[in-house]
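*Asks:* If you're matching positions, the sequence shown starts at 27 in this note's numbering and goes up one per residue.
Quick reminder that beta carbons are idealized off the backbone N, C-alpha and C, glycines included.
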Amino acid sequence: MLGEDQPVTAAYSRRGLQPWLGLLLTTLVLAAAAGCTSAEDGGSAAPSTSQTASSAGTSASATPPALDPAPRRGQCYRLLFDEAVAPTTTRKAVPCQRRGVTARTFFVGDLDTLAQGHLLAVDSSRVQAQLAQVCPKKLAPYLGGTAEDLRLSMLKPVWFTPTVAQSDLGATWLRCDLVAVARDGQLAPLRGPLRGAMKGEWRGIYGLCGTAAPDDKRFGRVICSSEHTWSALSVVAFPGRNYPGIEPVRKAGAGCEEIARAEADDALDFRWGYEWPTPEQWGQGRTYGVCWAPSDGS
């Protein structure tokens with residue numbers, strides 16, 4: 027874990043932690059840079075065969091590669107965590123009602139692979155950066171929530187492109203999937219309707235929770251539908267693109283105390299925590315702090 031503990035009172039804890047989304051984006055970029063040769067989801071069209079005659083008799087000619095069908099919005103998949111952070115996938119769609127579904131496609135679009143009149147490779151850093159902007163922006167409207175809601179949830183976007191081979195055949199689609207992170211390195215099954223899910227009671231299912239206080243060595247981020255003792259209450263956003271500095275981001279969490287007080291059963295006896303971003307986490311995309319408090323009954 028990154029960061030350090032800075033307790034002010036016995037009731038106050040705070041710690042900087044490696045954000046899952048930063049890990050996801052870093053893994054995705056590294057995987058994309060390395061390239062991949064597997065076929066994307068959706069299956070292959072049945073190949074046709076042809077015959078050619080020669081003096082030695084009749085033999086089958088080589089079958090040209092087929093262009094696989096593009097993915098469709100609303101399809102569901104059984105993905106493992108490592109598969110979800112890969113740039114392409116071989117998984118076939120399954121019925122969304124089937125148990126063990128961990129990903130659902132919420133947006134399908136077209137890649138912009140032209141730059142100044144030149145065709146870019148599908149695994150180029152510029153094309154991959156395009157996905158890293160498109161899919162996160164599409165997720166909040168799909169779920170019916172705000173940017174803060176997403177930061178307080180374990181619902182995350184992941185994305186896929188055609189393989190280099192399929193791109194060479196003319197495939198230009200991009201695919202955005204919704205996944206729920208159960209804990210570090212593990213996805214949770216998706217439950218119930220997902221479109222507009224954040225307009226209802228979603229926090230008890232997909233919210234961001236902790237296994238202990240943020241300054242405890244046993245702390246781990248988990249989905250709120252699993253066993254937990256602390257819950258994320260709100261986020262502290264910072265303006266600008268540049269890291270404000272350690273002291274400014276630490277001091278910005280002073281308001282977490284009042285937020286936790288309002289949620290506590292006893293306004294005179296309660297605990298709270300503030301988790302601020304480190305410079306490394308800021309560079310990975312976590313440009314906000316998190317206010318924490320013990321869950322009910324803990």
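Tell me which same chain residues have a C-beta within less than 7 Å of the C-beta of W308, skipping the five on either side of it?
*Replies:* Taken in chain order, the residues that qualify are Y269.
*Asks:* When you compare the CB positions of C317 and A280, do they come within less than 8 Å of one another, or not?
*Replies:* Taking 8 Å as the Cβ cut-off, C317 and A280 do not qualify as a contacting pair.
*Asks:* What residue ranges within the region 131–212 form continuous beta strand (DSSP E) runs of no fewer than 3 residues, ordered along the chain?
*Replies:* Here the runs fully enclosed are 181–186, 199–209.
*Asks:* Within 10 angstroms of its Cβ, does T172 collect 16 or more other Cβ (buried), or is it exposed?
*Replies:* When all chains shown are included, T172 counts as exposed.
*Asks:* Taking its Cβ as the centre, do 16 or more other Cβ atoms sit within 10 Å of L178, making it buried, or is it exposed?
*Replies:* L178 comes out buried.
*Asks:* Taking contact to mean 3 or more Cβ pairs, one atom from each stretch, closer than 8 Å, check whether the region 180–197 and the region 252–262 are in contact.
*Replies:* The region 180–197, when compared against the region 252–262, does not touch it at the 8 Å Cβ threshold.
*Asks:* Please state the DSSP three-state secondary structure of A96.
*Replies:* Coil.
*Asks:* Quick one: give me the first and last residue of the beta strand (DSSP E) that V261 is part of.
*Replies:* Its beta strand (DSSP E) spans residues 256–263.
*Asks:* Since V184 and V120 should fall inside the 8 Å C-beta cutoff, what is the C-beta to C-beta distance between them, to a whole number of angstroms?
*Replies:* With 8 Å as the limit, V184 and V120 do not qualify as a contact, their Cβ atoms being about 17 Å apart.
*Asks:* Which residues bound the alpha helix (DSSP H) around P274?
*Replies:* From DSSP, the alpha helix (DSSP H) with P274 extends over 272–277.
*Asks:* If you measure between the beta carbons of W228 and A319, is that distance less than 8 Å?
*Replies:* In this structure, A319 does not lie closer than 8 Å to W228 by Cβ.
*Asks:* Could you tell me whether the region 122–131 touches the region 213–227, where touching means 3 or more Cβ pairs closer than 8 Å?
*Replies:* A contact exists between the region 122–131 and the region 213–227.
*Asks:* Shortest alpha-carbon distance to F245 belongs to which of Q101, G236, S251?
*Replies:* Checking every option, the nearest Cα to that of F245 belongs to G236.
*Asks:* What did DSSP end up calling E227 once you bin it into helix, strand or coil?
*Replies:* Reduced to three states, the DSSP call for E227 is coil.
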